[in-house]
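Engineer:
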Amino acid sequence: MSERTHSNTLAGWREWVQLPGVGVPWIKAKLDTGAQTSSIHAYDVEAFDRDGVAWVRFRIRPWQRSESDEVAVECPVHDVRRVRSSSGHVDERFVVIMRLLLVGHEVDAEVTLSNRDAMGFRMLIGREALSRGIVVDSARSFLGDRAPRPMRRRNRGDA
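Counting from 1, position 96 in the sequence shown corresponds to residue 96 in the UniProt record's numbering; the numbering is continuous, with no gaps.
#1: Do the region 132 to 142 and the region 43 to 61 touch if we need at least three Cβ pairs shorter than 8 Å?
#2: Could you work out which residue in SER85, ARG59, HIS78 is closest to GLN36 when comparing CA atoms only?
#3: Give the secondary structure of GLY12 by DSSP, where H, G and I count as helix, E and B as strand, and everything else as coil.
#4: Would PRO69 and ARG14 be called neighbours here (beta carbons separated by less than 9 Å)?
#5: Within this structure, are the beta carbons of THR112 and VAL90 separated by less than 9 Å?
#6: Specify the secondary structure class of MET98 as computed by DSSP and reduced to three states.
#7: Would you tell me roughly how many angstroms separate the C-alpha atoms of PHE121 and HIS41, rounded to the nearest one?
#8: I'd like to know whether the C-beta atoms of MET151 and ALA29 end up nearer to each other than 9 Å.
#9: By the three-class DSSP mapping on this structure, what secondary structure does GLU106 have?
#10: According to DSSP, is ALA129 part of a helix, a strand, or is it coil?
#11: Buried or exposed, going by whether 16 or more other CB atoms sit within 10 Å of the CB of GLY34?
#12: For the beta strand (DSSP E) holding PRO76, just list the boundary residues, first then last.
#13: Would you tell me roughly how many angstroms separate the C-alpha atoms of VAL135 and CYS75, rounded to the nearest one?
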């Protein structure tokens, strides 16, 4: 009997993610197979025009309990969508394309910009990004690379 091989990579329900294209070295994310699109906590969101193309600028604070390591980002607008939150509220959100490094895979994902202050995670990774060979084990966490200990402490508000 030969051993079956497949291209899927196992991930936990929460993982440390890198966003190299926007200068965020680490952010803790919830992997949510119930959400179609990924989402990131963004604030000071401002649309503008660059050479006839719609762009958006915003700020990201990657740590839950800290204002450290804030990053200013500018991206072309990929789309504007009406999104229903987990509480049932519908609003329009900008969608940008971000490159994610997740459990050793680079994935270009559609990411909505939203206020996730009240949520437990600054980023949510949805089905669209996970459909590229990532299988989520809902009983496990942090199967991929981890942020260095000092960064994990900043996320807890310990630094």
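Idealized CB from N, CA, C, for every residue including glycine. It should be emphasised that the depicted structure is a prediction, and the values quoted were computed from it without experimental measurement.
Structural biologist: According to the data block:
#1: Cβ pair count under 8 Å is below three, so no.
#2: SER85
#3: strand
#4: A quick correction: the sequence has Asp, not Pro, at residue 69. Going by C-beta atoms, ASP69 is not nearer than 9 Å to ARG14.
#5: no
#6: strand
#7: 8 Å
#8: no
#9: Annotated three-state conformation of GLU106 is strand, per DSSP.
#10: ALA129 sits in a helix when the DSSP states are folded into three classes.
#11: exposed
#12: Where PRO76 is concerned, the enclosing beta strand (DSSP E) starts and stops at 71 to 76.
#13: 29 Å
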